[in-house]
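Asks:
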Amino acid sequence: MKKEFAVIGLGRFGGSICRELSREGMEVLALDLDEDKVNEYRDIAAHAVIADSTDESVLRELGLRNIDHVIVAIGDNIQASMLTTLMLKELGIKTITVKAQNDYHEKILNKIGADHVVHPERDMGKRIAHNIISNNILDYIELSDDHSVVEVKAGSKMSGRTLVDLDIRAQYGCNVVAIKRKKDVIVSPMATEEIRESDILIVIGADKDISRFEKNLV
Ligand code: ADP
């Protein structure tokens with residue numbers, strides 16, 4: 003069955019989500035206060051409406067309660083974002099994802115009951131910073147304050163050696179969960195897998211362990 007989504011706020015973030023979900027064949031209701039923004043999405047989303055999401059009767063009339071997942075991507079207007087989230091929660095929406103502007107906003111959204119709170123600028127900033135610090139770290143995803151998943155280039159020190167030979171888990175306390183080799187992805191590689199210089203390793207672990215692993219082996 004096709005999943006139904008609603009995206010509230012069609013700025014850069016909401017707009018991009020709306021575009022991508024529609025491209026993936028999902029049925030999306032796009033909503034914004036701004037007529038020009040809504041017009042931009044008329045041919046992209048299944049439905050595009052000009053409306054104020056802080057008006058409860060609007061949310062009811064649009065039948066939002068039948069939608070599986072609503073994304074609240076209202077930018078600077080924190081009050082409107084919180085009020086909208088609260089009303090969506092009251093309508094009984096199964097999954098609500100909200101973009102937070104700052105930590106204070108995030109805290110309240112979690113209290114109100116948002117299922118996922120995202121912080122795209124902050125998270126992307128972190129990912130890019132890690133990539134800038136180390137040329138070998140291609141990508142970085144924070145799992146918690148002190149754990150992450152990173153994508154690292156294998157480098158010459160590892161080339162031709164197996165995972166068991168490098169003893170990464172015992173020596174560094176982190177795990178290689180996958181190896182990207184050209185177009186292939188080797189998920190849960192065997193200990194006997196031999197690493198090639200152009201491989202990209204997906205490593206999970208504590209930040210301090212990943213950092214040691216990177217300093218010594220990459
Ligand atoms: P971004 O940083 O992702 O580009 P913006 O702040 O530019 O975000 O965009 C937020 C969008 O949310 C704007 O298009 C704005 O018109 C819309 N918006 C703000 N308040 C409401 C509201 N109450 N109801 C519907 N849309 C809203």
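In the working numbering, each residue's number is its place in the sequence shown (first place is 1) plus 2.
Every residue, glycine too, gets a C-beta built ideally from N, C-alpha and C.
1) How about threonine 56 and alanine 82: do their beta carbons lie closer than 7 Å?
2) Taking only three categories from DSSP, how would you classify aspartate 117?
3) Taking the runs of the alpha helix (DSSP H) that are 4 residues or longer, which of them lie wholly in the stretch 138-171?
4) Rounded to the nearest angstrom, what separates valine 60 and serine 136 at their Cα positions?
5) Starting from the C-beta of isoleucine 95, find all residues in its chain whose C-beta is less than 6 Å away, skip the five residues before and the five after it, and write them out in chain order.
6) Secondary structure at valine 40, three-state DSSP: helix, strand or coil?
7) Among all residues, which have a Cβ less than 7 Å from at least one non-hydrogen atom of the ligand ADP, and in what chain order do they fall?
8) For tyrosine 142 and glutamate 63, I'd like the C-alpha separation in whole angstroms.
9) Between which residues of its own chain and isoleucine 283 is the CB-CB distance below 7 Å, once the five residues before and five after are set aside?
10) If serine 24 sits next to isoleucine 46, beta carbons under 8 Å apart, how far is it from one beta carbon to the other, in whole angstroms?
11) Assign threonine 194 to buried or exposed, taking buried as 16 or more other Cβ atoms, counted over all protein chains shown, within 10 Å of its Cβ.
Replies: Working from what's here:
1) Working through the sequence shown from its first residue, we reach residue 56 at position 54. Working through the sequence shown from its first residue, we reach residue 82 at position 80. At the C-beta level, threonine 56 and alanine 82 come within 7 Å of one another.
2) As a working mapping, residue 117 is identified with position 115 in the sequence shown. Residue state for aspartate 117 is assigned as coil, using DSSP reduced to three classes.
3) If one requires a minimum length of 4 residues, the alpha helix (DSSP H) runs lying completely within the stretch 138-171 are 165-168, in chain order.
4) Along the sequence shown, one-based indexing puts residue 60 at 58. Along the sequence shown, one-based indexing puts residue 136 at 134. Rounded to whole angstroms, the gap between the alpha carbons of valine 60 and serine 136 is 49 Å.
5) Taking the first residue of the sequence shown as position 1, residue 95 is located at position 93. Val72.
6) For the purposes of this step, residue 40 is taken as the residue at position 38 of the sequence shown. Note: valine 40 maps to helix in three-state DSSP.
7) Any residue whose Cβ sits closer than 7 Å to a heavy atom of the ligand ADP makes the list: Ile10, Gly11, Leu12, Gly13, Arg14, Phe15, Gly16, Leu33, Asp34, Leu35, Asp36, Lys39, Ala53, Asp54, Ser55, Thr56, Ala75, Ile76, Gly77, Asp78, Asn79, Ala82, Thr86, Lys101.
8) The residue given as residue 142 occupies position 140 in the sequence shown. The residue given as residue 63 occupies position 61 in the sequence shown. The alpha-carbon atoms of tyrosine 142 and glutamate 63 are separated by roughly 42 Å.
9) A question about residue 283 goes unanswered here, because the residues of the chain that appear run from 3 up to 220.
10) The residue you call residue 24 lines up with position 22 of the sequence shown. The residue you call residue 46 lines up with position 44 of the sequence shown. Indeed, because the Cβ distance is near 5 Å, the residues count as touching under 8 Å.
11) The count along the sequence shown starts at 1 and reaches residue 194 at position 192. By the neighbour-count rule (16 or more Cβ atoms within 10 Å), threonine 194 is not buried but exposed.
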